[in-house]
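A.B. asks:
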Amino acid sequence: MATTEHPPSRLRSWMLEGLSDMGKGVQQAPHAQPEPPHKGQRWWRVMCLTGVDYFSTLGYQPGIAALAAGLLSPVATLVLVLVTLAGALPVYRRVAEESPHGEGSIAMLERLLSFWQGKLFVLTLLGFAATDFLITITLSAADASTHLVENPHLTATLHNHQMLITLFLVALLGAVFLKGFLEAIGVAVALVGIYLGLNVIVVAVGLWHVLTAEHLVTDWTAALTAQHGSVFAMIGVALLVFPKLALGLSGFETGVAVMPHVKGNPDDTEERPTGRIRDTKKLLTTAALIMSGFLITTSFITTLLIPAPEFQPGGKANGRALAYLAHHYIGNTFGTVYDISTIAILWFAGASAMAGLLNLMPRYLPRYGMAPHWARAVRPMVIVFTLIGFLVTWIFDADVDKQGGAYATGVLVLISSAAIAVTIASRKAGRHKWTVAFAVISAVFLYTTVVNVIERPDGVKIGACFIAGIILVSLLSRLARAFELRVTSVTLDAMAERFVRDIASRKIRFIANEPDRRDKAKYRDKIEQIRKDNDVPESEDFVFVEVTVTDPSEFEAGLNVRGEVLHDRYRVLTLESSSIPNGLAALLLHVREMTGHIPHIYFEWTEGSPFANFLRFFLFGQGEVAPVTREVLREAEPDPAKRPRVHTG
Numbered sequence: 110m111a112t113t114e115h116p117p118s119r120l121r122s123w124m125l126e127g128l129s130d131m132g133k134g135v136q137q138a139p140h141a142q143p144e145p146p147h148k149g150q151r152w153w154r155v156m157c158l159t160g161v162d163y164f165s166t167l168g169y170q171p172g173i174a175a176l177a178a179g180l181l182s183p184v185a186t187l188v189l190v191l192v193t194l195a196g197a198l199p200v201y202r203r204v205a206e207e208s209p210h211g212e213g214s215i216a217m218l219e220r221l222l223s224f225w226q227g228k229l230f231v232l233t234l235l236g237f238a239a240t241d242f243l244i245t246i247t248l249s250a251a252d253a254s255t256h257l258v259e260n261p262h263l264t265a266t267l268h269n270h271q272m273l274i275t276l277f278l279v280a281l282l283g284a285v286f287l288k289g290f291l292e293a294i295g296v297a298v299a300l301v302g303i304y305l306g307l308n309v310i311v312v313a314v315g316l317w318h319v320l321t322a323e324h325l326v327t328d329w330t331a332a333l334t335a336q337h338g339s340v341f342a343m344i345g346v347a348l349l350v351f352p353k354l355a356l357g358l359s360g361f362e363t364g365v366a367v368m369p370h371v372k373g374n375p376d377d378t379e380e381r382p383t384g385r386i387r388d389t390k391k392l393l394t395t396a397a398l399i400m401s402g403f404l405i406t407t408s409f410i411t412t413l414l415i416p417a418p419e420f421q422p423g424g425k426a427n428g429r430a431l432a433y434l435a436h437h438y439i440g441n442t443f444g445t446v447y448d449i450s451t452i453a454i455l456w457f458a459g460a461s462a463m464a465g466l467l468n469l470m471p472r473y474l475p476r477y478g479m480a481p482h483w484a485r486a487v488r489p490m491v492i493v494f495t496l497i498g499f500l501v502t503w504i505f506d507a508d509v510d511k512q513g514g515a516y517a518t519g520v521l522v523l524i525s526s527a528a529i530a531v532t533i534a535s536r537k538a539g540r541h542k543w544t545v546a547f548a549v550i551s552a553v554f555l556y557t558t559v560v561n562v563i564e565r566p567d568g569v570k571i572g573a574c575f576i577a578g579i580i581l582v583s584l585l586s587r588l589a590r591a592f593e594l595r596v597t598s599v600t601l602d603a604m605a606e607r608f609v610r611d612i613a614s615r616k617i618r619f620i621a622n623e624p625d626r627r628d629k630a631k632y633r634d635k636i637e638q639i640r641k642d643n644d645v646p647e648s649e650d651f652v653f654v655e656v657t658v659t660d661p662s663e664f665e666a667g668l669n670v671r672g673e674v675l676h677d678r679y680r681v682l683t684l685e686s687s688s689i690p691n692g693l694a695a696l697l698l699h700v701r702e703m704t705g706h707i708p709h710i711y712f713e714w715t716e717g718s719p720f721a722n723f724l725r726f727f728l729f730g731q732g733e734v735a736p737v738t739r740e741v742l743r744e745a746e747p748d749p750a751k752r753p754r755v756h757t758g
């Protein structure tokens, strides 16, 4: 099925060179260089790769918790930790079992639905995933610029330039990926190690100041009692504000996405990666425990040590509560070191999110035919995501608080879908206790998602924009590629190959036939009609070809052709395809390459409106088969002399 191609330009070759290192198993783009063999890394090192996303939320989470819950911030954070350890962690440990190749919960739900409803559902989830990862990039860059602008040594110089700094950081991230982002786990280990070490110092100093100034704890508890009355009222209010703290749940989807990097056991196979699954569970559990400890301690010390007005927009602790403590209690030198570490890990969190996008999108959109071929390559997608990052930064004015709602929406929708997916998987596996447990967890996350959407509708609005954009671009791309040959391979069984070899000694003539009523009279009448319509001599021989449409929403697939003899006389090639014209065109081109002769195929005209028939072809793989088959052949083989012949009578 070779076609004539012009050599690609140097710019095109550079743009299509290579794929994301995160995208293991994704089909490569045209002209892409083959990926080097992947050796894998120890689980704790890979944990640092996902940790630059997860742990970096310490840069802004305590401030967001203080704004949302006020004096109740430690209690509300404790609720968040309980939901993390008893809800999100068990869910994603199960996701790791079900999708050990980094597909995540979206792949689990994709298997439950087929046809167009399944594709549209996946596109919707991809929209929320794009919201999660892209807002991670822009929110992290905005918070990094906040730390830079509020540094005492730089605030006079950089004041009022936060937007430009944020755009520069997003552009710098894009430039790194355009240069060629290799697996930077070593950098992630260093960043996470330094950042967590500095946070240990800040937390220790903060706890020492709280414990040595006894009035802080008593004043806090007295204020809580005066404000809320009882412990039960405090817990109730903490549950109500919990959805606003959902940013602290981020990182789990990334943790599953990096699974292909986990080394596992030496005897692991792609079909049974037992060691990889075990070590990924260690990764998820360890990260959740570390983060939970930091969330509780940091919310406690920031609430007690930082005056409430400083958390408000324009305050010195807004978006940088721990950095405020580092400067105030340890000194500007240490605070500057802490700022640099925070800026670095926040910026690298964007790299983790970009890698997640480059892993996720090429797994689905090109396979659905809902993205051009270049969507499998890194550099064009990096440019697209960077430009969208500029737009999001401009819309939200590089403000951390404004982006929190959109980020939380993306995170919660993905976690809710994961919880639903593992609930269904447990039910199918007959694990009744786990089914009930996961159903309860799903209800909690669904409630949290709904409350978050009601209170912060900007999150679902930006998510809806991503969804609408993805669906619109996807459908337009699928429409533009409607006549593209999209069969990845053609395989003939022994009987089918014998039919082709036999008929190749004469002129190769096929008859396209609908596989409905397969009685003897049907085949006899069909041959007589074809001979009459096309004035074919009695001496000429035919082989019937019958295509059964499977899932018309699928775009790319292999083609298996089987041969059979019906009624002791009629030779029939049967095949299954998502599109009748594509299946027939692929078979004709394969027969041409196999025999060296130009095959002919005969059709009858289809009755009905051409526009309605095109819609039937686009949506259901059927419709006006003859002209569409000819158009697919024309696009696949530009040389008319080599093109299989299509006859219609």
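For reference, each letter of the sequence shown is one residue, going 110 to 758 in the numbering used here. Cβ atoms here follow ideal geometry from the backbone N, Cα and C, with glycine treated the same way. Since this is a predicted model, take the numbers as computed values, not measurements.
With a cut-off of 8 Å on the beta carbons, I'd call serine 525 and aspartate 162 a contact; round off their distance for me.
C.D. replies: In fact, because the Cβ distance is near 19 Å, the residues do not count as touching under 8 Å.
A.B. asks: Less than 8 Å between the CB atoms is what I'm expecting for leucine 521 and phenylalanine 554, so what's the real figure, rounded?
C.D. replies: Right, the Cβ-Cβ distance comes to about 6 Å (below 8 Å), so this counts as a contact.
A.B. asks: Hey, leucine 234 and isoleucine 246: beta-carbon distance below 7 Å or not?
C.D. replies: For leucine 234 and isoleucine 246, no; Cβs fall outside 7 Å.
A.B. asks: Within a Cβ cutoff of 7 Å, which residues of the same chain sit near threonine 166, ignoring the five residues on either side of it in sequence?
C.D. replies: Closer than 7 Å at the Cβ level, and outside the excluded window around threonine 166, lie Leu356, Gly357 and Ser359.
A.B. asks: With distances taken Cα to Cα, identify the nearest neighbour of leucine 349 among Ala177, Ala297 and Ala745.
C.D. replies: Considering only alpha carbons, the answer is Ala177.
A.B. asks: Taking the straight line between their C-alpha atoms, what separation do you get for tryptophan 714 and valine 493?
C.D. replies: Cα to Cα, tryptophan 714 sits roughly 43 Å from valine 493.
A.B. asks: Go ahead and pull the three-state DSSP assignment for tyrosine 516.
C.D. replies: In this structure, tyrosine 516 counts as helix in the three-state DSSP scheme.
A.B. asks: Counting beta carbon pairs with one atom in the stretch 653-661 and one in the stretch 674-686, are three or more of them shorter than 8 Å?
C.D. replies: The stretch 674-686 vs the stretch 653-661: in contact.
A.B. asks: Bridge partners for valine 371 per DSSP, in chain order?
C.D. replies: Per DSSP, Gln150.
A.B. asks: Please report how far the alpha carbon of proline 145 lies from the alpha carbon of threonine 557, in whole angstroms.
C.D. replies: Caution is warranted here: a pLDDT of 42 is assigned to proline 145, below 50, making its placement in the model unreliable, and the coordinate value is therefore given only provisionally. Using only the alpha carbons, I get a separation of about 43 Å.
A.B. asks: Just mark threonine 363 as buried or exposed, buried being the case when its beta carbon has 16 or more other beta carbons within 10 Å.
C.D. replies: Buried is the call here.
A.B. asks: Buried or exposed: where does glycine 519 fall if 16 or more other Cβ atoms within 10 Å of its Cβ makes it buried?
C.D. replies: Its Cβ being crowded by 16 or more others within 10 Å, glycine 519 is buried.
A.B. asks: Per DSSP, serine 598 forms a beta bridge with which residues?
C.D. replies: DSSP output for serine 598 lists Gly667 as bridge partner(s).
A.B. asks: Quick one: what's got a C-beta closer than 6 Å to glutamate 564's C-beta in the same chain, skipping five residues either side?
C.D. replies: Closer than 6 Å at Cβ, skipping near neighbours: no residue.
A.B. asks: Would you report the Cα separation of asparagine 427 and glutamate 593, rounded to the nearest angstrom?
C.D. replies: Rounded to the nearest angstrom, the two C-alpha atoms are 53 Å apart.
A.B. asks: Tyrosine 447 and leucine 307 - do their beta-carbons sit closer together than 7 Å?
C.D. replies: Contact flag set, yes.
A.B. asks: Pick out the complete alpha helix (DSSP H) segments inside the stretch 330-395, 4 residues or longer, and give them in chain order.
C.D. replies: Listed in chain order, the complete alpha helix (DSSP H) runs (minimum 4 residues) inside the stretch 330-395 are 340-350 and 361-366.
A.B. asks: Near leucine 413, what residues of its chain come up, given a Cβ to Cβ distance below 6 Å and the 5 sequence neighbours on each side ignored?
C.D. replies: Closer than 6 Å at Cβ, skipping near neighbours: Val319, Leu325 and Trp329.
A.B. asks: Below 7 Å between beta carbons: does that hold for glutamine 150 and lysine 372?
C.D. replies: Yes, they are a contact pair.
A.B. asks: Could you tell me if histidine 699 is buried or exposed, where buried requires 16 or more neighbouring beta carbons within 10 angstroms of its beta carbon?
C.D. replies: Histidine 699 comes out buried.
A.B. asks: With DSSP as the reference, label phenylalanine 592 as helix, strand or coil.
C.D. replies: Coil.
A.B. asks: What are the boundary residues of the beta strand (DSSP E) that includes isoleucine 707?
C.D. replies: Unbroken run through isoleucine 707: none, as it is neither H nor E.
A.B. asks: Taking the straight line between their C-alpha atoms, what separation do you get for isoleucine 386 and arginine 540?
C.D. replies: So the alpha carbons of these two residues sit roughly 19 Å apart.
A.B. asks: So what does DSSP say about tyrosine 169, is it helix, strand or coil?
C.D. replies: Note: tyrosine 169 maps to coil in three-state DSSP.
A.B. asks: Along the chain, where does the beta strand (DSSP E) that runs through tyrosine 679 open and close?
C.D. replies: It spans 679-686 - the beta strand (DSSP E) in which tyrosine 679 sits, taken as one unbroken run.
A.B. asks: At the level of alpha carbons, what is the spacing between proline 747 and valine 645?
C.D. replies: In a straight line, the C-alpha of proline 747 is about 27 Å away from that of valine 645.
A.B. asks: Would you mind giving the Cβ-Cβ distance between valine 491 and leucine 278, rounded to the nearest angstrom? I have them listed as a contact below 8 Å.
C.D. replies: With a Cβ gap of about 15 Å, valine 491 and leucine 278 do not count as contacting.
A.B. asks: What number of angstroms, rounded off, separates the C-alpha of asparagine 441 from the C-alpha of proline 422?
C.D. replies: Their backbone Cα atoms lie some 22 Å apart in a straight line.
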